[in-house]
Each structure stands twice: as structure tokens, then as C-alpha cells.
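Numbering (the UniProt record's numbering), first residue to last: 1 to 743.
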Amino acid sequence: MANHTIARIPVTGMTCAACQARVQKTLEKQPGVTEASVNLMMGTATVTYDPAAVQPAALVSAIEQTGYGAELPKPERSAFEEQEARDKATAEEFQELKWKAIASGVVGALAMAVMPWMHQMMWITWPLLVVTALVMATAGRHFYVRAWKAFTHHSADMNTLVALGTGAAFLYSVIATVAPGFFLSRGVSADVYYEAVILIIAFILTGNAFEARAKRNTATALRALVQLQPKTARVLRNLVEQDIPIEDVVAGDLVVVRPGERIPVDGVVHKGESAVDESMLTGESLPVAKKPGDTVIGGTINRTGAFRLKATTLGEASVLAQIVKLMRDAQGSRAPIQALADRISSVFVPIVISIAIATFATWAIVASDASFVKGFAAAVTVLIIACPCAMGLAVPTAVMVATGKGAELGVLIKGGEALQRAGDVRTIVLDKTGTVTEGKPTVTDLIAVTSGDEQPLLGQVAALEAMSEHPLADAIVRAAKERGAVMGTAEGFASVTGKGVTGVVDGAALAVGNAALMADYAIDVTPLEADAARLADAGRTPMFVARDGALAGLLAVADPIKDTSRTAIQRMHALGLEVVMLTGDTERTAKAIAKEAGIERVVASVLPEGKVAEVKRLQAEGKVVAMVGDGINDAPALAQADVGMAIGTGTDIAAEAADVVLMRGDLRAAAHAVELSRRTMATMKQNLFWAFIYNVIGIPVAAGVLFPAFGLLLTPVMASAAMAFSSVSVVTNSLRLRSARIA
Numbered sequence: 001m002a003n004h005t006i007a008r009i010p011v012t013g014m015t016c017a018a019c020q021a022r023v024q025k026t027l028e029k030q031p032g033v034t035e036a037s038v039n040l041m042m043g044t045a046t047v048t049y050d051p052a053a054v055q056p057a058a059l060v061s062a063i064e065q066t067g068y069g070a071e072l073p074k075p076e077r078s079a080f081e082e083q084e085a086r087d088k089a090t091a092e093e094f095q096e097l098k099w100k101a102i103a104s105g106v107v108g109a110l111a112m113a114v115m116p117w118m119h120q121m122m123w124i125t126w127p128l129l130v131v132t133a134l135v136m137a138t139a140g141r142h143f144y145v146r147a148w149k150a151f152t153h154h155s156a157d158m159n160t161l162v163a164l165g166t167g168a169a170f171l172y173s174v175i176a177t178v179a180p181g182f183f184l185s186r187g188v189s190a191d192v193y194y195e196a197v198i199l200i201i202a203f204i205l206t207g208n209a210f211e212a213r214a215k216r217n218t219a220t221a222l223r224a225l226v227q228l229q230p231k232t233a234r235v236l237r238n239l240v241e242q243d244i245p246i247e248d249v250v251a252g253d254l255v256v257v258r259p260g261e262r263i264p265v266d267g268v269v270h271k272g273e274s275a276v277d278e279s280m281l282t283g284e285s286l287p288v289a290k291k292p293g294d295t296v297i298g299g300t301i302n303r304t305g306a307f308r309l310k311a312t313t314l315g316e317a318s319v320l321a322q323i324v325k326l327m328r329d330a331q332g333s334r335a336p337i338q339a340l341a342d343r344i345s346s347v348f349v350p351i352v353i354s355i356a357i358a359t360f361a362t363w364a365i366v367a368s369d370a371s372f373v374k375g376f377a378a379a380v381t382v383l384i385i386a387c388p389c390a391m392g393l394a395v396p397t398a399v400m401v402a403t404g405k406g407a408e409l410g411v412l413i414k415g416g417e418a419l420q421r422a423g424d425v426r427t428i429v430l431d432k433t434g435t436v437t438e439g440k441p442t443v444t445d446l447i448a449v450t451s452g453d454e455q456p457l458l459g460q461v462a463a464l465e466a467m468s469e470h471p472l473a474d475a476i477v478r479a480a481k482e483r484g485a486v487m488g489t490a491e492g493f494a495s496v497t498g499k500g501v502t503g504v505v506d507g508a509a510l511a512v513g514n515a516a517l518m519a520d521y522a523i524d525v526t527p528l529e530a531d532a533a534r535l536a537d538a539g540r541t542p543m544f545v546a547r548d549g550a551l552a553g554l555l556a557v558a559d560p561i562k563d564t565s566r567t568a569i570q571r572m573h574a575l576g577l578e579v580v581m582l583t584g585d586t587e588r589t590a591k592a593i594a595k596e597a598g599i600e601r602v603v604a605s606v607l608p609e610g611k612v613a614e615v616k617r618l619q620a621e622g623k624v625v626a627m628v629g630d631g632i633n634d635a636p637a638l639a640q641a642d643v644g645m646a647i648g649t650g651t652d653i654a655a656e657a658a659d660v661v662l663m664r665g666d667l668r669a670a671a672h673a674v675e676l677s678r679r680t681m682a683t684m685k686q687n688l689f690w691a692f693i694y695n696v697i698g699i700p701v702a703a704g705v706l707f708p709a710f711g712l713l714l715t716p717v718m719a720s721a722a723m724a725f726s727s728v729s730v731v732t733n734s735l736r737l738r739s740a741r742i743a
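Here it is as C-alpha cells:
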């Protein structure tokens, strides 16, 4: 997909799942489009396309031809500006709907109040006609405009049902007002439904207003992230401190940060020390100590000391902007379970219209009295109660709230598909170094075959390992510097994958590695074999040292497990997950570390490519596998797994191979991701169940199936209230995820 581009196109006018499905189908049919995802909650279409075959302008035109509004994406807008614009639009939508609902509700209440006197004062129907027409032309205008657009494009949606229901009731009432004899001569009461038309519009607008407010609440976490971005920064230029707009900061600027202030940009501490609260980005409650050379992230809070930082990544490249973009994209994505609602929605409206016609015909044939009036009222009620809003909101509301909740926990989930798959995980594979362990190994033991040779041997080994990029090599070099060992000059360095390194240091041929490497050079490790076994049993990694063809000593390096790993693994077990640890360490060392961490299954001595093979083997057993690694060395395994979880460092949050980024570098976040996914899937299923059941029960009741046995017949006004309630209940159920306790 290297020659493909992704465009996010704002779409207006969508009100239900049928709208969403129609726009998506239209986009998927466009030449050059490989994938399209339309999100009702976000009001966006995310389109993957080949720019050689189609341009964004053509995609916008295709959307407009379906009857909905669209505009070209604005590449000059930052992630912060996009979210602020969306928040503003949502707030304006809520205010508009609120006042329309209030106004039409007041008018509807007055209309209902005068209805009892209608038979004594027939002239009242004329002012009611005018008032109802005004309400339809103002507060309810968008229902009819959108319904007409859908009709001209040979389609139907929620607006079609509302327009048909209220339009038919209004037309019936107009005829009853203008020519009552038309009905009376046929033995039909000349009833009017003006108050019903107004109240239906009022109730639906009220439901829409609640939906708009709830939509805004689903984006609380994303909005909170945007608000973390300071508007100005205090920079030091020409030895003078000055406050400048954040967009005017350039890489290399020295930025002054005082206690209690929010850090304005990403950078490296240049001078001073402090403790920084990174909880809003990582979910970690304890402040993190920062000293010169340490990285700090824009948007976090400086708690104690003052310091200066040198600005590094800015604007859209900043960590906070990446997180906002990642979350925005995730919230605009679709979970696979949405396809079920889409399939139903695509045929739902035509079926409902057919049911309404059949309802009217049945009442006209079967009812003994007032069959025409009852049949008409029942048909209108069917049209109103069946609006498929709830189905369109069932899944995207849950995705939006869950991704926001995940961000609060320091878990960035890259979309609805990853969110759904994480809930199906039953086996979780953990890389050892930097995942289960701290990833900062230290030299714990040094044994020399010749007494007194420890310091010179350490210096020689460190000189050789200084040319390696392995984490264990760094630990040896640090130990040599800390202990004052003299490091010689190395040449002829060679790395032997999975075994160790070789080279020449000050004329001496060195080989440093495991027993397999020693065997390659016919080195007898028997004298130190017992020591190596003892150290391995203690969870340390032993490395033999050979010099000029003879065994010279033994080094041991330990990488302690993180304090949180035991708790995290206990939680994984409580969730019913099988936990597997992968490592290149010897089996004895790996088992010692696994035992300390509470892991029962270990796969040791695994080369990087072996991790992919192990994940494939687990998948071949029919298991849904999550892989947790550092996102760089483990990228192939992360990509192979059903769900890849990359341990984030706070500065590298966009690990491309991963589906989930764990910002804290804490395994508890992996357990949180699985638990959050399971709760979200439960919420989605509840939403879809109630949305479907609501229509399965509501439509027959509206049609009058309970009337023969119980005399129960819903009115169109009752139907509009029930329809509004169904949508609000789905959104409210999703919002419960915000307060869910994730252990």
C-alpha cells in the first residue's frame, strides 16, 4: 500500500446507520479506493485511495451526490486545530438542537392544551395549521430537506421515516381542516394531528440534542489532551527571556520552565533538575525525575525545580500531537462488529416503509370501527418508532469512549479493529528484556581464572563490547567505567548472532559469549561451568570469556524484573490469559526470571526470527495471540501477532508494527488493554442487542399487535419519545465505560 494515501473527509447531514452505510458503499465503489470507513459519531469518512486513480475532490463530489455535505480535508490544520474545530461544531450543533427542541416543545404543549376545545371551536384548527407548518419549516426543516435529497438519490434513511410520518399526519390534518366533509361523507372522523406532528418533531429534536451532548462527552479524553498544549513558551534568545506563541518555537531554542508550569514543547533537559508529572500521557501517577540529558514531553507538568530544555520535535511531530492524531484516527475507525449493524441498516428503512403500508392496509380491512383513522395512526407510529438511530450509534460510541478511557490508562489503541481483537486474546507472549525486566542490565559478578586478573579482564572485555549495540554490552562498558578498569583498543570486531562477540584487544584474541560460542572455538568451560550454572539459577546471564584460545573468566549480568511485572502477570492470569515469555537467554536463566515473575511457560534461547516462529506456532494451535515487546527489535513478532502491543517510551508512541501502544512501559497496561477491550465488546453487544430488540418489539407494538388482546395502541407522539429514548440509552450505556474500574 506504499502508493496509497489516506484522506479524512468531514461529512455532514448523517443521522443514522443507513446514512453511514450509504456513504460508505458509495465511496467503496469509487475507482482507486481500496478501503473506506465512515463514522457516524465523528462525522468523517476515512478513505484509503490511490492518488493516481482518484483525487480527494472526486471523493467529496461522490459523497455530495448521495445527498450529504462534504468538504476537502484541510492539510494545513494541525491535530489540535482539527479537534478544536470539531468541538466547536459539536457545541454549536447541541445549542441549535436544544433551542429548536425547546421552542417546538413549548408550541407542542400549547397545541395539546387547546385540543380539548377543538370540537367546540373548529376555527382553532386554522391557527394550528399555520403554527404546525411554521414548526415544520423551521425547527424540523432539515428532516424534510435531507429526506428529499435521499429520495432524489433513490435511497432512504431516518429522515425519510420522520418526513413520511409527520408529512402524512400533517397532510391528513390539512385535508381535515380545509375539507372536513371529505372524511365525514365517508363515515370517517375529521380528526387533526397537528399537536402530534409538533410533538414528534420536538421529541426527536430532544433526542438529537441529547445525542449531540453525549457525543461531546465521548470525546472528553481527546479534548483533555488537546487542552494540554500550552499556547505560549518562554524562550531564551540573546540572553533575554521572552514569551512567544508556541508555533514560533524552533528546534534548538532554549525554553525556560518554572515549577508548576506545563512544559510547552518536547525537548531535552539542558540545565537544571526537576520531577515531571507525566500522568496525563502515560497514566503513571508518580512524578518522574529529570536531569540534564533526559527527555521531556510537551504538555506534561513540571512539579518541583526550574530547568531549561532544548526544543527538539515540534508541531505535528511532537509526542502530544502524535497521540492526538492517533486517538482521533482510532475514534474514527470501525470495529468489525459494526458490519452487522450496517447490513441490517442497508435494508431496514425500505422494510419499515413496507411494514407501515401493510399496517395501514390490515387495519383498513380488519378493524370494525374507525379503521381508516386507526390504520393511519398505526402506520405513522410504525414509521416514527423505527428510526434506526440507535443502531448507528451502538458501536462507534463505545469505540470513542473506550479509546478515551484507554488513553487515561496510558494505553493507546489504534482503532476499532484492534480494540475488538484484543478482547479475543487468550495467550499473551512477553519479550523479556525491557518488557518483563527493567531493560537496564548491570554486571553482578566477575570471576577470573587467574587470581588478580579481574580488572584487566574487565577492561579488555569492555573494549570489545563497546563496539556492540547489545544491551548487555552497554552494561559491561558501564561497569568498566564505574570500576576504573582500563579499556584497551579493539579491532576485528565480529558479532555471532545468538552466541556472543569476538575480536582482538591490544593484540589478544578475545571471545565473549555463551557455552555454544566457546564450543565453536574448542574452549573447555568445565572449570567455570558450576559457577555459570549457579549464576543462571539466580536469574543472571553468564558469559564466558576466552583469551588467546584459553578460558580466562566468567561475567554475569542481571536485568532485574520490574516491580510492576509480578502484579501485571497475576492480573493476566486472573483474566484467564496464558502467559508465555520469550527470550534469547539460556533456559536456566530464563526459567529463574520467569519463576520470579510468576510466569509458567518459557521459550528460551530464541533468536529474533524465532520469536515470529513461536507466535506462528501458537496461532497454529488455534490461539488468539497478543505479543508485547519494545516495538523495534520485536517488530516482526508484533506484526505477526493477532494483537501487537508495543512498550512505549513516551517519545516513540507510533510503533508502526503495533496495534496498541503501552505508554508507561508497564506490563499492567497490557492487562488493562485486554480488560478494557472485553468490557467494550460487552458494551457494544449490549448496545446492538437493545437497538435490535427495541425495533423487534417496538414495530409490532406500534403496528397494533397488542390491541386485540389488551386494547393497547401507541400514538405517534409516544413513538417519537420512545425513538429518542432508544438513541440516548445507547449513548448513555457507552458512556458508562468512562467510569469503569480497570484493575
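Ideal placement from N, C-alpha and C gives every residue a C-beta, glycine not left out. Model, not experiment: these values are computed from the prediction.
Would you mind stating whether residue i and residue j have Cβ atoms separated by less than 8 Å?
i	j	result
K623	T427	yes
T397	V60	no
G503	A480	no
D329	G415	yes
residue 745	I699	Absent from the model: residue 745. The displayed extent of the chain is 1 to 743, so no value can be given.
V545	L510	yes
L430	V628	yes
T403	M327	yes
A463	V505	yes
residue 777	D157	This structure cannot settle anything about residue 777, because the visible part of the chain is limited to 1 through 743.
A378	G704	yes
V324	L419	no
V728	E211	yes
Should residue i go down as buried or exposed, given a rule of 16 or more other Cβ atoms within 10 Å for buried?
i	result
G650	Confidence is the limiting factor: at G650 the pLDDT is only 46, short of 50, which leaves the residue's position unreliable, though a coordinate-based value still follows. Classification of G650: buried, given that the 10 Å Cβ count is 16 or more.
T12	exposed
K271	exposed
A522	exposed
P708	exposed
T497	exposed
W123	exposed
K88	exposed
W363	buried
K374	buried
F182	exposed
I6	exposed
V661	buried
M121	exposed
Rounded to whole angstroms, how far is the Cβ of residue i from the Cβ of residue j, which I believe are closer than 8 Å?
i	j	result
A101	T206	4 Å
T444	R540	6 Å
L309	V276	With a Cβ gap of about 10 Å, L309 and V276 do not count as contacting.
V525	G513	At roughly 11 Å, the Cβ-Cβ gap does not stay under 8 Å, so V525 and G513 are not in contact.
T442	I593	Not really, about 15 Å apart at Cβ, beyond 8 Å.
Between residue i and chain B, is the shortest Cβ-Cβ distance under 8 Å, so that the two count as touching?
i	result
E273	In the displayed structure, chain B is absent; only one protein chain is listed.
### Query
In the segment 309–382, which residue ranges form an unbroken alpha helix (DSSP H) of at least 4 residues, counting only runs that do not cross its ends?
Unbroken alpha helix (DSSP H) stretches of 4 residues or longer found wholly inside the segment 309–382: 319–331, 338–366, given in chain order.
### Task
Could you pull out every unbroken alpha helix (DSSP H) segment of at least 4 residues lying fully inside the segment 467–514, listed in chain order?
Taken in chain order, the whole alpha helix (DSSP H) runs of length 4 or more contained in the segment 467–514 are 471–483.
### Message
What ranges does the alpha helix (DSSP H) occupy inside the segment 39–118, keeping only unbroken runs of at least 4 residues that lie completely in it?
### Response
Within the segment 39–118, the complete alpha helix (DSSP H) runs of at least 4 residues are 56–65, 79–114.
### Query
Do three or more CB pairs link the segment 169–179 to the segment 684–695 at distances below 8 Å?
The segment 169–179 is not in contact with the segment 684–695.
### Query
For the 8 Å Cβ check, are there 3 or more pairs between the segment 118–137 and the segment 232–242?
No, they do not touch.
#### Entry: Contact between the segment 637–647 and the segment 599–607 (3+ Cβ pairs under 8 Å)
At 8 Å Cβ cutoff, the stretches do not touch.
### Query
Given 8 Å as the limit, is there contact between the segment 656–670 and the segment 359–373, that is, 3 or more CB pairs closer than that?
Contact between the segment 656–670 and the segment 359–373 is absent, because fewer than three Cβ pairs lie under 8 Å.
### Contiguous alpha helix (DSSP H) assignments of at least 4 residues, all confined to the segment 592–655
608–620, 635–640, all fully within the segment 592–655.
### Query
Counting pairs of Cβ atoms below 8 Å between the segment 608–620 and the segment 556–574, do you hit three or more?
Touching, no.
### Message
Quick check: the segment 57–71 against the segment 150–157, are at least 3 beta-carbon pairs closer than 8 Å?
### Response
Flag = yes, the segment 150–157 and the segment 57–71 touch.
### Message
For the pair the segment 436–450 and the segment 550–569, tell me if three or more CB-CB distances fall below 8 Å.
### Response
The segment 436–450 makes contact with the segment 550–569: 3 or more CB pairs, one atom from each, lie closer than 8 Å.
### Message
Assess contact between the segment 193–207 and the segment 91–107, defined as three or more Cβ pairs (one per stretch) separated by less than 8 Å. Is contact present?
### Response
With the rule of 3 Cβ pairs closer than 8 Å, the segment 193–207 counts as touching the segment 91–107.
### Message
For the structure I just gave you, are there three or more beta carbon pairs, one from the segment 340–360 and one from the segment 375–382, closer than 8 Å?
### Response
A contact exists between the segment 340–360 and the segment 375–382.
### Message
List, from N- to C-terminal side, the alpha helix (DSSP H) runs of 4 residues or more that fit wholly inside the segment 113–154.
### Response
Counting only runs of at least 4 residues, the segment 113–154 fully encloses the following alpha helix (DSSP H) elements, listed from N- to C-terminal order: 125–137, 141–152.
### Query
Three or more C-beta pairs closer than 8 Å, one from the segment 466–474 and one from the segment 576–592: is that the case here?
Too few Cβ pairs lie closer than 8 Å, so no.
### Query
Do the segment 669–678 and the segment 708–719 make contact, defined as three or more Cβ pairs closer than 8 Å?
Contact between the segment 669–678 and the segment 708–719 is absent, because fewer than three Cβ pairs lie under 8 Å.
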